[in-house]
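Novice: Can you keep this structure in mind? I'll have questions shortly.
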Amino acid sequence: MNLKQKYAIAIASTTMVLMQQIEAVALNAREISTIARDITVKVIQAQTGNNGSGVIIELQDGVYSLLTNYHVAGEDGVYRVQTPDGIKHKVTAKQELPGLDLMILTFDSNNEYRVAKLGNSEDIVPLQTVFVAGFPAIQNDLDLVSGQVRSIREDILINPEEDEGYALVYSNQTLPGSSGGAVVDEDGLLVAINGEAERDPTTGRDISRGIPINIFLSAMEELEQENEIAEAEQERIAEEKRIAAEEARTRAAEEKAAAEEEAEIAAETAKIEQEEQRIARVTESNSENGDRSIALSDNKYLLASNLEGHQDIVHSVVLSSDKKTIVTGSWDNTIKVWNAQTGKLEQTLVGHESLVNSVALSQDGNTLVSGSDDTTVKVWNVQTGESKQTLTGHNDVVNSVAITPDGKTAVSASDDETIRVWNLETGKSILTLSGHEDWINSVAITPDGTTAVSASSDETVRVWNLNSGQLEQTFLGHTDVVTSVAISPNGSIIVSGSDDETVKVWDRPTAKLKHTFNAASGWVNAVAISPDGTKVASGSDDSTIRVWSLQDYQLLTILEGHDDVVSSVALSFDASTIVSVSGDKTVKIWQLQN
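Position 461 of the sequence shown, counted from 1, bears residue number 461 in the UniProt record's numbering, the numbering being contiguous throughout.
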């Protein structure tokens, strides 16, 4: 699961703050039409292109909720919501309402859209005029038709699950694609959700059926009560487990009391011997590599700087090879360039039209590549802050980008399940790599530009030959979404992080798993290998950064300080400097203390 899914509103466990039902105010036809067009959206199934309709019913903290039919969006797959301004938004969460042909969808947006005002469907009477809005599959524009209420089935009002909530029958002639659309009265109030069209077998007339809004409100109240009961039960179970665990700890402590002194002495002796061996290995390695900056026993990092300026989640970070520049990409749609030594903000790059998910920097620090929810890859001149190129070709969110040290080739990974290879001198896509069966969340490239490694929601890590475009290896072992991947400078070691709360180390030549780190008490969002190939760091949902040795797989340190999930990390050559970014909107610089 990527961060967007993690930040999506958990509808099933959250009370929706719906608007109160509004008193009727008579409107003219133009006003009713405007309201219907503003509150009705198109719901699109990305894989098939099939569409239905929906109605915006709530806005809370930048998250819009809309109501549609279960038969419109109930199948598995990626869904988009097209708002009246033509923008397509990714659906971040879905919640069905048991027994009803209704479903709630959510999407994130900083734009302002009209939220429907709810009427009281109990006031509807036969022969009353109602208006149905929706997006028929045969046309692009909204279809708004008027008609009269034919009947209201009292038996379904009493027991909505008898016919999935379809209690309202009206004469409006609707077309396929209008399912999930708004049914509004003459006062512009939402009184039902349109769902079915059929021919009356008795009269031979075309009729449509909808689910009264009061049935939806009652279902939400029941769902809230069920959630409260479930939460109380979970709390009870958790308390029982806590008590049992406490009792077990007490028993264990009592059993160990007699041998405690001997065990402490043995443990301390073993710790000293292990530390002496580790220092010897690290010192020997540093001597071989000409690097004497880390020959320490405590691996203690201190927070050197806390950079603020982004207005939303900071999702990606890169540190220049000379440790002078930090570049960050954020869900506030901007990229920021910072002086790593002073912490000063030097530039803000603006150009993407949606969330910036990933940034990558060339070896000389002059060329920057970024990937965004707007489906584009942009190439920037870091010195001037100007956008040099906009690379188009993906048809869905771009989650990750990487660039070769010479700044001539880039790769990008997308929710469209492809990886694209770009010639940055021409701005052309020279290869499209296909094989993953779900979103591709991360991509890395070797310094020589011949190999790419990708991580996907299909729980696999894949290795690609960038000369031939062929899939060379598939690594299996994670049990959940693989969120991030990194490759060592010599290309022999691959590290991957996953929602299964582990970091795995792979031997690329043999495709064998070398080691598994139990990384955190939450999803692992990011991994990075130090350029000297000796250390790996991870960032997790538990707000921590963990650093391990890739030589003996020892945990070196745990960094705590962020107030939200850690979404990305970057390391200097020897990992003496670590930069982390987070959902708390900050950039933190950590320095190893000598």
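Note that beta-carbon positions come from the ideal geometry of N, C-alpha and C, so glycine has one too.
(1) Might you give, ordered along the chain, the residues of its own chain that have their beta carbon closer than 8 Å to the beta carbon of Ala46, omitting 5 neighbours on each side?
(2) Do Phe131 and Ser151 have their C-beta atoms closer together than 8 Å?
(3) Taking the Cβ atom as the reference point for each residue, do Val398 and Thr375 lie within a distance shorter than 8 Å?
(4) Distance, Cα to Cα, Val401 vs Ser496?
(5) What three-state label does DSSP hand Pro212 in the structure shown?
(6) From the DSSP output, read off the bridge partner residues of Lys535.
(7) Which residues in the same chain have their Cβ closer than 8 Å to the Cβ of residue 599, if we skip the five residues on either side of it in sequence?
(8) Would you call the CB atoms of residue 635 and Trp338 closer than 8 Å?
(9) Going along the chain, which residues of its own chain have a beta-carbon closer than 6 Å to the beta-carbon of Glu164, five neighbours each way excluded?
(10) So the alpha helix (DSSP H) Glu472 belongs to, where does it begin and stop?
(11) According to the neighbour-count rule (16 or more other Cβ atoms, all chains shown, within 10 Å of its Cβ), is Pro126 buried or exposed?
(12) Please check the pair Ala133 and Arg37, which I expect to be a contact at CB under 8 Å, by giving their CB distance rounded to whole angstroms.
(13) Per DSSP, what kind of secondary structure is Val72 in: helix, strand or coil?
(14) For Glu346, which residues of its own chain have a beta-carbon under 6 Å away from its beta-carbon, when the five flanking residues on both sides are left out?
(15) Does residue 614 come out as helix, strand or coil in the three-state DSSP assignment?
(16) Measuring alpha carbon to alpha carbon, tell me which of Ala73, Gly371, Glu31 and Trp590 ends up nearest Asn51.
(17) In this structure, what does DSSP give as the bridge partners for Asp143?
(18) What's the C-alpha gap between Gly469 and Asn366?
(19) Go ahead and pull the three-state DSSP assignment for Thr342.
(20) Give the straight-line distance between the Cα atoms of Ser354 and Ser414, rounded to the nearest whole angstrom.
(21) What would DSSP say about Gln225, mapped onto helix, strand or coil?
(22) Touching or not, the region 446 to 454 and the region 482 to 496, by the rule of three or more beta carbon pairs under 8 Å?
(23) Mind checking whether Ser543 and Asp564 have CB atoms under 8 Å apart?
Specialist: Taking the geometry as given:
(1) Numbered from its first residue, the sequence shown carries residue 46 at position 46. These residues qualify, in order along the chain: Gly77, Val78, Tyr79, Arg80 and Asp396.
(2) By one-based count along the sequence shown, residue 131 stands at place 131. By one-based count along the sequence shown, residue 151 stands at place 151. In this structure, Phe131 sits away from Ser151, with a CB-CB distance that is not shorter than 8 Å.
(3) By one-based count along the sequence shown, residue 398 stands at place 398. By one-based count along the sequence shown, residue 375 stands at place 375. Result yes, Cβ atoms of Val398 and Thr375 sit closer than 8 Å.
(4) Here residue 401 refers to the residue found at position 401 when the sequence shown is read from its first residue. Here residue 496 refers to the residue found at position 496 when the sequence shown is read from its first residue. Each residue's alpha carbon lies about 16 Å from the other.
(5) Here residue 212 is taken as the residue at index 212 of the sequence shown, counted from 1. The DSSP-derived three-state label of Pro212 is strand.
(6) Within the sequence shown, numbered from 1, the residue matching residue 535 stands at position 535. In DSSP, Lys535 forms a bridge with Ser549.
(7) Lying outside 1 to 594, the shown extent of the chain, residue 599 is not represented and no answer is given.
(8) This structure cannot speak to residue 635, because the chain is shown only from 1 to 594.
(9) Working through the sequence shown from its first residue, we reach residue 164 at position 164. Correct list, in chain order: Leu100 and Asp101.
(10) One-based indexing of the sequence shown puts residue 472 at position 472. No alpha helix (DSSP H) holds Glu472; the beta strand (DSSP E) holding it covers Leu471 to Leu476.
(11) Counting from one through the sequence shown, the residue named residue 126 turns up at place 126. Exposed: under 16 other Cβ atoms inside 10 Å.
(12) Residue numbering aside, residue 133 sits at position 133 when the sequence shown is read from its first letter. Residue numbering aside, residue 37 sits at position 37 when the sequence shown is read from its first letter. Contact flag correct, Cβ pair sits at about 7 Å.
(13) Taking the sequence shown and counting its residues from 1, the one referred to as residue 72 is at position 72. Helix at Val72.
(14) For the purposes of this step, residue 346 is taken as the residue at position 346 of the sequence shown. Residues Val337 and Asn339 of the same chain have their beta carbon placed closer than 6 Å to that of Glu346, with the five preceding and five following residues left out of the count.
(15) Here the chain has residues from 1 to 594 only, and residue 614 is not among them.
(16) Reading the sequence shown from its first residue, position 51 is the one you call residue 51. Of the candidates Ala73, Gly371, Glu31 and Trp590, the one whose C-alpha sits nearest the C-alpha of Asn51 is Ala73.
(17) Numbered from its first residue, the sequence shown carries residue 143 at position 143. Per DSSP, Gly134.
(18) Reading the sequence shown from its first residue, position 469 is the one you call residue 469. Reading the sequence shown from its first residue, position 366 is the one you call residue 366. Between Gly469 and Asn366, the C-alpha separation is close to 28 Å.
(19) Residue numbering aside, residue 342 sits at position 342 when the sequence shown is read from its first letter. Secondary structure of Thr342 (DSSP, three-state): coil.
(20) Residue mapping note: residue 354 aligns to position 354 of the sequence shown, counting from 1. Residue mapping note: residue 414 aligns to position 414 of the sequence shown, counting from 1. Taking the straight line from one Cα to the other gives about 14 Å.
(21) Taking the sequence shown and counting its residues from 1, one reaches residue 225 at position 225. The answer is helix: DSSP assigns Gln225 an H, G or I state.
(22) Taking a cut-off of 8 Å on C-beta distances, the region 446 to 454 touches the region 482 to 496, as three or more cross pairs fall below it.
(23) Here the question's residue 543 lines up with position 543 in the sequence shown. Here the question's residue 564 lines up with position 564 in the sequence shown. Yes; because the gap between Cβ atoms is below 8 Å, this pair is in contact.
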